[in-house]
Every structure is written in structure tokens, then in C-alpha cells.
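Undergrad: Following this message is one structure expressed as C-alpha cells.
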Amino acid sequence: MKILVTGANGFVGQALIERLIESGHEITALVRKKKEHKKHSDKVKYIEGDLLHPEKLIPLKNIDKAYYLVHGLKGEDNLFEYQESIAAVNFVNWIRPTNAGIIYLGGLGPETETLSPHLRSRHLTGAILGSSGLPMIEFRASIILGEGSLSFEIIKAMSERFPFRPEMSLLGQPCQPLALEDLLKYLEEALNLADDGHKIFEIGGPDVLTYGQLIDLYAELAGLKRLKVKVPEVEKKVLMKALDYAIPEHAFIGRKLTESLEHPTVVTNDLAKKTFPEIAPIEARVAMDKARAESKTHYPPLWEKDFLKSLLSDKILTQSGLLSPDLLRNLEKVGKLRDILSRK
Numbered sequence: 040m041k042i043l044v045t046g047a048n049g050f051v052g053q054a055l056i057e058r059l060i061e062s063g064h065e066i067t068a069l070v071r072k073k074k075e076h077k078k079h080s081d082k083v084k085y086i087e088g089d090l091l092h093p094e095k096l097i098p099l100k101n102i103d104k105a106y107y108l109v110h111g112l113k114g115e116d117n118l119f120e121y122q123e124s125i126a127a128v129n130f131v132n133w134i135r136p137t138n139a140g141i142i143y144l145g146g147l148g149p150e151t152e153t154l155s156p157h158l159r160s161r162h163l164t165g166a167i168l169g170s171s172g173l174p175m176i177e178f179r180a181s182i183i184l185g186e187g188s189l190s191f192e193i194i195k196a197m198s199e200r201f202p203f204r205p206e207m208s209l210l211g212q213p214c215q216p217l218a219l220e221d222l223l224k225y226l227e228e229a230l231n232l233a234d235d236g237h238k239i240f241e242i243g244g245p246d247v248l249t250y251g252q253l254i255d256l257y258a259e260l261a262g263l264k265r266l267k268v269k270v271p272e273v274e275k276k277v278l279m280k281a282l283d284y285a286i287p288e289h290a291f292i293g294r295k296l297t298e299s300l301e302h303p304t305v306v307t308n309d310l311a312k313k314t315f316p317e318i319a320p321i322e323a324r325v326a327m328d329k330a331r332a333e334s335k336t337h338y339p340p341l342w343e344k345d346f347l348k349s350l351l352s353d354k355i356l357t358q359s360g361l362l363s364p365d366l367l368r369n370l371e372k373v374g375k376l377r378d379i380l381s382r383k
């Protein structure tokens with residue numbers, strides 16, 4: 040098939056292109072900026088463009104299917120939902136002359152008015168694409184476990200950087216992680232489905248875990264010893280502020296993802312299982328260990344920096360109740376044991 044992949048420089052986009060090339064498809068890839076792709080640069084037609092600037096997009100011809108993997112999480116907090124919607128509309132107008140079927144990767148989450156901006160925008164984008172009149176398959180997934188996945192990187196960073204594992208209600212929501220390789224199977228198999236309206240498939244692995252259990256699982260597989268420390272319940276804006284200190288590498292996008300921790304992200308029906316019976320997703324433990332083995336990132340532990348001093352100098356954090364006397368005492372105890380805790 041002749042296939043368009045948008046968001047081609049992203050974590051999923053790059054992996055999907057490699058898989059589609061192996062299957063013999065002809066790929067056109069939309070990227071904001073071209074960069075070297077050593078593995079398949081001569082097998083893919085890369086075009087530069089931004090869906091927020093449709094006047095600069097080149098006309099498309101002979102496209103059978105179009106993957107929509109664009110995500111606006113890097114946009115400004117007060118604009119990213121709007122920009123995601125505009126990008127989806129522009130995408131539909133761009134590909135409409137080709138009559139290509141759309142395959143979209145969205146997010147799991149309940150149908151409720153109180154959804155986080157991140158999940159709300161994922162559902163809205165799906166609705167916009169689905170109302171285009173073009174054939175559309177929408178996959179809704181929770182955390183994707185794979186080398187390079189932002190969700191995985193945040194789990195890894197928290198496990199390796201913190202000398203303790205925070206205990207808080209926000210980490211108690213259930214999710215249904217899916218391995219990258221299984222996600223790619225679903226995305227590729229969707230090419231073989233009949234073009235028939237807007238179909239929604241909820242996909243996930245066989246395990247339902249809390250976010251806290253995912254952090255524990257990574258620590259166990261990495262051989263890290265982490266004591267659990269109870270963290271006071273505070274307003275979300277305080278936790279967002281703490282992220283700036285704890286995980287500065289991913290804080291900007293991490294803040295938006297953290298807001299979605301309030302909602303369960305689990306599969307609620309077996310439509311995907313019935314439609315794709317040949318796909319048997321692997322267990323979370325196997326997926327996590329594979330991602331860990333392939334990951335090349337490194338997160339220095341907090342005790343290598345003057346982390347506690349930085350926290351205590353922030354008025355928002357000190358006045359919020361987050362840094363309670365009990366928590367500070369626990370951190371001091373953990374600090375004294377840091378040499379033991381850091382051993383693998």
C-alpha cells in the first residue's frame with residue numbers, strides 16, 4: 040500500500056515506519072523538520088510540514104491509508120487542546136482528495152466531562168477525524184512500554200532518581216500498559232480491515248496495574264531498593280511544581296500527563312480481542328524488562344544534587360504542606376541510607 044505517516048519523527052512513528060518498510064509498503068512521512076534517518080532514509084519520502092500551517096503542505100496523490108500520530112503535548116498549556124483540534128481539521132482537509140482511510144492512535148479514558156485536558160483532547164481529535172466522512176480506525180491505548188516512550192522514561196526517571204518511592208493516591212489509579220511491539224501489530228493489522236465508518240478499539244496488555252505498581256516493577260527489574268514514603272495529598276499545581284525539580288527533563292510534558300493520572304485507563308470491552316484474535320499482547324513484566332534493557336537514558340539520583348535545599352527554597356512547596364515534618368524526617372532517614380539504597 041501507499042501509506043502516509045504523520046508524526047513520523049515521534050517514538051511510535053519511527054518504529055511504525057520501520058515495520059511498514061519491512062512489510063513492503065511505500066511510505067510518505069510528514070515531519071516538522073527533516074533529519075537523518077540512517078536505517079531507512081532511502082526508502083521513505085520525507086516531506087516537511089506543519090499541520091498548523093496547512094498553506095505550506097504539498098498536495099498529496101495516491102495515498103491508500105494515513106496514520107495520524109500527531110500529538111500536541113509540547114504546545115502551550117492554554118493552547119494545546121485548541122491546536123490539536125485545528126491540526127486534526129487541517130489534516131482531514133489535506134488528505135480528503137485522496138479518499139485515504141485514517142488510522143489514529145488516541146488515549147484510553149472514561150467518557151466523562153471531567154477528563155483531563157490531555158485525554159479530553161485525545162478523544163476530541165478522534166471525534167474530529169471520525170466525523171470527516173473518511174473511513175477511520177481509532178485505537179485507544181494507555182501507557183506504551185518501549186524504549187523511547189515518554190511514559191516509560193518518566194517511570195524510569197522516578198525509579199532511578201528518587202531514593203524512595205512516593206506513596207500517594209494519584210499513583211493508585213489502574214492502567215493497562217501495552218508493549219510497543221504489540222501496539223505496532225495493531226496499527227499494521229488495521230490496514231487489512233474493511234473501510235467502514237468510524238471504528239474504535241480499546242487496546243491494552245493482559246495486566247491491569249496501578250502507576251505505583253509500574254514504578255515498583257521497574258525498580259524490581261533494575262535491582263533497585265526503594266523504601267515507600269507517604270507523600271501528603273496536595274493540590275495538583277503543587278505536584279506540578281515539584282515535577283520541575285524532580286524530573287526537569289520531562290517536566291513540561293510530564294505535567295500534562297500527570298493530570299491524566301486521576302482517571303483509570305483500562306480496556307472496557309473485548310472488541311479488539313474479537314477483531315484481532317491473532318494478537319496476544321505480552322505481559323507488563325516482559326514489556327517493561329525489554330524496554331529497560333534497550334533504554335539508553337540515564338537519570339542521576341537526587342542525592343547527587345542539592346535537591347532538598349532547592350525544594351525548601353521554593354515558597355509554593357514549603358507553604359503547601361507537601362514538605363511536611365514527617366516527610367522531611369523520612370527523607371533524612373532515606374538520605375542516610377542512600378548508599379545502601381543505590382546499590383543494584
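The C-terminal position of the sequence shown is numbered 383 in our numbering, with every residue numbered one higher than the one before it. Here a beta-carbon is modelled for each residue, glycine too, at the ideal position from N, C-alpha and C. Bear in mind the structure is a predicted one, so any value in this text is a computation, not a measurement.
#1: Which residues bound the alpha helix (DSSP H) around A54?
#2: DSSP three-state call for K41: helix, strand or coil?
#3: Would you call T307 buried or exposed, if buried means 16 or more other Cβ atoms sit within 10 Å of its Cβ?
#4: Could you tell me whether the region 207-227 touches the region 242-252, using the rule of 3 or more Cβ pairs below 8 Å?
#5: Measure the alpha-carbon distance for K264 versus S190 and round it to whole angstroms.
#6: Kindly identify the DSSP beta-bridge partner or partners of A218.
#7: In the DSSP output, which residue or residues are listed as bridge partners for I242?
#8: Buried or exposed: which applies to L69, given that a residue is buried once 16 or more other Cβ atoms fall within 10 Å of its Cβ?
#9: Taking the alpha-carbon positions, what's the E333 to M327 distance?
#10: Shortest alpha-carbon distance to L219 belongs to which of H302, P136, A319?
#11: Give me the residue from A229, H337, A285, G236 with the minimum Cα distance to K312.
#12: Going by beta-carbon coordinates alone, are L173 and L144 separated by less than 8 Å?
#13: Is I318 helix, strand or coil when you go by DSSP?
#14: Cutting at 7 Å between CB atoms, please list the residues of its own chain near R58, excluding the five before and the five after it.
#15: Report the rounded CA-to-CA distance for I254 versus I194, giving the unit in angstroms.
#16: Distance check for P316 and A258, CA to CA, integer angstroms please.
#17: Is K104 near A47, with beta carbons less than 8 Å apart?
#18: Exposed or buried, T336, counting other C-beta atoms within 10 Å across all chains shown (16 or more means buried)?
#19: What number of angstroms, rounded off, separates the C-alpha of I56 from the C-alpha of Y85?
#20: Indicate the three-state DSSP secondary structure (helix, strand or coil) for G211 in the structure shown.
#21: Check whether the Cβ atoms of Y338 and E199 lie closer than 8 Å to each other.
TA: Walking through what the data contain:
#1: 50-61
#2: strand
#3: exposed
#4: yes
#5: 21 Å
#6: L184
#7: A180
#8: buried
#9: 10 Å
#10: A319
#11: A229
#12: no
#13: coil
#14: L223, E227
#15: 6 Å
#16: 33 Å
#17: no
#18: exposed
#19: 11 Å
#20: helix
#21: yes
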